[in-house]
Amino acid sequence: MADGTAGRATAGGKPADGTAGRATADAGPGAGHLGFVTWDRTGPSGGNTYNRELVAALRAGGTGVVVHALPGSWPDPAGPDLDRLAEALAAHPVCLVDGIVASGAPGPVAEAVAAGHRVVVLVHMATADEVGLPPAVAARREEAEGRALRAASTVVATSSTAAQDLAARHGLTDVRVARPGVRRAAPARGSAPPRILAVANLTPTKDPLTLVRALAEVQDLAWTAVLVGSHDVDPDYAGTVRRAADALGDRVRFAGALMGDALEEQWAAADLLVLTSRTETFGMVVLEALAHGVPAVVGAGTGAVEALTRGAPDGGAGEPSGVVVPAPGIPGTAVPTGDPHTLARVLRRWLTDPALRSTWRRTAQDRRARLPGWDVTAAIVGQLLDDQRRPGQVSLRRARPRG
Numbered sequence: 001m002a003d004g005t006a007g008r009a010t011a012g013g014k015p016a017d018g019t020a021g022r023a024t025a026d027a028g029p030g031a032g033h034l035g036f037v038t039w040d041r042t043g044p045s046g047g048n049t050y051n052r053e054l055v056a057a058l059r060a061g062g063t064g065v066v067v068h069a070l071p072g073s074w075p076d077p078a079g080p081d082l083d084r085l086a087e088a089l090a091a092h093p094v095c096l097v098d099g100i101v102a103s104g105a106p107g108p109v110a111e112a113v114a115a116g117h118r119v120v121v122l123v124h125m126a127t128a129d130e131v132g133l134p135p136a137v138a139a140r141r142e143e144a145e146g147r148a149l150r151a152a153s154t155v156v157a158t159s160s161t162a163a164q165d166l167a168a169r170h171g172l173t174d175v176r177v178a179r180p181g182v183r184r185a186a187p188a189r190g191s192a193p194p195r196i197l198a199v200a201n202l203t204p205t206k207d208p209l210t211l212v213r214a215l216a217e218v219q220d221l222a223w224t225a226v227l228v229g230s231h232d233v234d235p236d237y238a239g240t241v242r243r244a245a246d247a248l249g250d251r252v253r254f255a256g257a258l259m260g261d262a263l264e265e266q267w268a269a270a271d272l273l274v275l276t277s278r279t280e281t282f283g284m285v286v287l288e289a290l291a292h293g294v295p296a297v298v299g300a301g302t303g304a305v306e307a308l309t310r311g312a313p314d315g316g317a318g319e320p321s322g323v324v325v326p327a328p329g330i331p332g333t334a335v336p337t338g339d340p341h342t343l344a345r346v347l348r349r350w351l352t353d354p355a356l357r358s359t360w361r362r363t364a365q366d367r368r369a370r371l372p373g374w375d376v377t378a379a380i381v382g383q384l385l386d387d388q389r390r391p392g393q394v395s396l397r398r399a400r401p402r403g
């Protein structure tokens, strides 16, 4: 997303070489530019997508943005990582910082705020919630995250679910919310037999093993499944998932990490998204499914329920569970996390009940037209960031050229 050095930027998005990180700007650096500090890692992920789309929408709306993509072992940084962050924060009066970076760096965040800079932390996921962390690592991350967020000028979460969680666990009083948007997409055509799609990296947190085990319980029915996601984040766990799927033969295919047209091909053939994450801040992939008119089954108690139910007639106040009866206006349901047997019962009902499949698909297609774009997210974040300006500072928003 960005190339160059932290603290340096180039016009027109062309990279500047250096060692302190990577930075790009849509125009030359200056007091009217927002700094956006991210972790320099590649590959598809919800956080990377959110950051990329937010930057594009902010720029399209007239906000100057300099992106500092920092290398390092975030959220468990080494000394040089912290130095690079401090340099990036010092370069701008107002900085938006990805939570995976800020949460591991309470010192630089507090020092920047004390020096008069405004630091807004954008939390995609609580860093201690990664499944499988040693208790000591989880505790250290939790403590550091709390100090960083309490030191920040403002904290922004990507869902109401996450905002409430952060407030409760860290004693925060005013966590703001900027939910993801989604790009418009062509409706899926579906497949025969029905195609079940999972789009998530093969990690314990995303828990694709629960889906594979559920599929093993419905082998007597007609279906195919494709699991899209990287095997490289946790190769040992990914190997466990693949071995568990061996008994299902070629009905389950592992497509690896996909983006662009290759991912669109999978959406076009999909009939149902299954997101089995043990924890999820929002579940941007659920919005992507709905943008294609594809219903979803998600984990109960996770932020993905908010993505699934928001916009329903009751405002998404309730949480669907168990799919005994389709919930009005909700294109799918939620099942307990880590429970392959309940998920298998849901899949069996969906596969054998044409009326249920039709209702979910129709509801998902109805939601397509009402999904928010990234311009909505950018408007919320842009206003919040502009509010952080101190008296006399240049606005982050430039006048849009006419014509």
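Those letters in the sequence shown? Residues 1 to 403, by full-length UniProt numbering. Every residue, glycine too, gets a C-beta built ideally from N, C-alpha and C.
C-beta atoms of residue i and residue j nearer than 8 Å
{"i": "Ala128", "j": "Glu142", "result": "yes"}
{"i": "Phe282", "j": "Arg179", "result": "yes"}
{"i": "Thr224", "j": "Arg251", "result": "yes"}
{"i": "Pro208", "j": "Ala200", "result": "yes"}
{"i": "Arg368", "j": "Leu290", "result": "yes"}
{"i": "Gly104", "j": "Asp76", "result": "yes"}
{"i": "Thr154", "j": "Leu384", "result": "yes"}
{"i": "Gly181", "j": "Glu280", "result": "no"}
{"i": "Pro372", "j": "Gly332", "result": "no"}
{"i": "Leu172", "j": "Leu197", "result": "no"}
{"i": "Thr352", "j": "Ile330", "result": "no"}
{"i": "Gln219", "j": "Leu248", "result": "yes"}
{"i": "Val298", "j": "Val305", "result": "yes"}
{"i": "Ala270", "j": "Ser230", "result": "no"}
{"i": "Gly293", "j": "Arg370", "result": "no"}
{"i": "Ala151", "j": "Ala110", "result": "yes"}
{"i": "residue 431", "j": "Trp74", "result": "Lying before the first or after the last residue shown, residue 431 is absent from the chain, which here runs from 1 to 403."}
{"i": "Thr49", "j": "Ala69", "result": "no"}
Neighbourhood of residue i by C-beta, 6 Å cutoff - its chain only, sequence neighbours within 5 removed
{"i": "residue 407", "result": "The first residue shown for the chain is 1 and the last is 403, placing residue 407 beyond what the model contains."}
Start and end residues, alpha helix (DSSP H) containing residue i
{"i": "Ala257", "result": "Neither: Ala257 is in no alpha helix (DSSP H) and is coded neither H nor E."}
{"i": "Val175", "result": "Note, Val175: premise wrong, no alpha helix (DSSP H); not H, not E."}
{"i": "Val119", "result": "Taken as a continuous stretch (DSSP letters only), Val119 belongs to no alpha helix (DSSP H), being part of the beta strand (DSSP E) at 118 to 123."}
{"i": "Val376", "result": "374 to 387"}
{"i": "Arg141", "result": "135 to 151"}
{"i": "His292", "result": "Counting along the chain, His292 falls outside any alpha helix (DSSP H), and DSSP gives it neither H nor E."}
Terminal residues of the beta strand (DSSP E) in which residue i lies
{"i": "His68", "result": "65 to 70"}
{"i": "Asp220", "result": "Element bounds for Asp220: n/a, residue is neither H nor E."}
{"i": "Ala157", "result": "154 to 157"}
Beta bridge counterpart(s) of residue i as assigned by DSSP
{"i": "Leu287", "result": "The partner list for Leu287 (beta bridge, DSSP) is empty, contrary to what the question assumes."}
{"i": "Thr333", "result": "Val297"}
{"i": "Ala36", "result": "As written in the sequence, residue 36 is Phe, which differs from the Ala given in the question. Its beta-bridge partners are Val67, Leu96."}
{"i": "Ile196", "result": "Ala225, Leu272"}
{"i": "Val252", "result": "Ala225"}
Contact set for residue i: own chain, Cβ-Cβ below 8 Å, skip 5 residues either direction
{"i": "Gly47", "result": "Asp98, Ile100, His124, Met125"}
{"i": "Thr210", "result": "Thr276, Thr337, Gly338, Asp339, Pro340, Leu343"}
{"i": "Phe253", "result": "Note that residue 253 corresponds to Arg in the displayed sequence, not to Phe. Thr224, Ala225, Val226, Leu227, listed in sequence order."}
Close beta carbons around residue i, own chain, < 7 Å, minus the five adjacent residues each side
{"i": "Ala203", "result": "It should be pointed out that residue 203 corresponds to Thr in this sequence rather than to Ala. Result list for Thr203: Val233, Asp234, Tyr237, in chain order."}
{"i": "Arg357", "result": "Trp350"}
{"i": "Gln388", "result": "Val94, Arg118, Val120, Ser153, Thr154"}
{"i": "Ala168", "result": "none"}
{"i": "Gly30", "result": "Low confidence applies here, because Gly30 scores a pLDDT of 43, under 50, leaving its location unreliable; read the following figure in that light. No residues qualify anywhere along the chain."}
{"i": "Gly303", "result": "Ser159, Thr161, Ala162, Glu280, Thr281, Phe282, Gly283"}
{"i": "Thr377", "result": "Leu54, Ala57, Ala178, Arg179, Pro180, Gly181"}
{"i": "Ala216", "result": "Ala247, Leu248"}
Closer than 7 Å: residue i CB and nearest the ligand COA heavy atom
{"i": "His33", "result": "You won't find the ligand COA in this model; it holds no ligand whatsoever."}
Contact the region 231 to 245 vs the region 184 to 196: 3+ CB pairs below 8 Å: No: fewer than three Cβ pairs fall under 8 Å.
Would the region 109 to 127 and the region 85 to 94 be scored as touching if the rule is three or more Cβ pairs under 8 Å? With the cut-off at 8 Å, the region 109 to 127 and the region 85 to 94 touch.
At a cut of 8 Å, does the region 278 to 294 reach the region 251 to 262 through at least three beta carbon pairs? Short answer: they don't touch.
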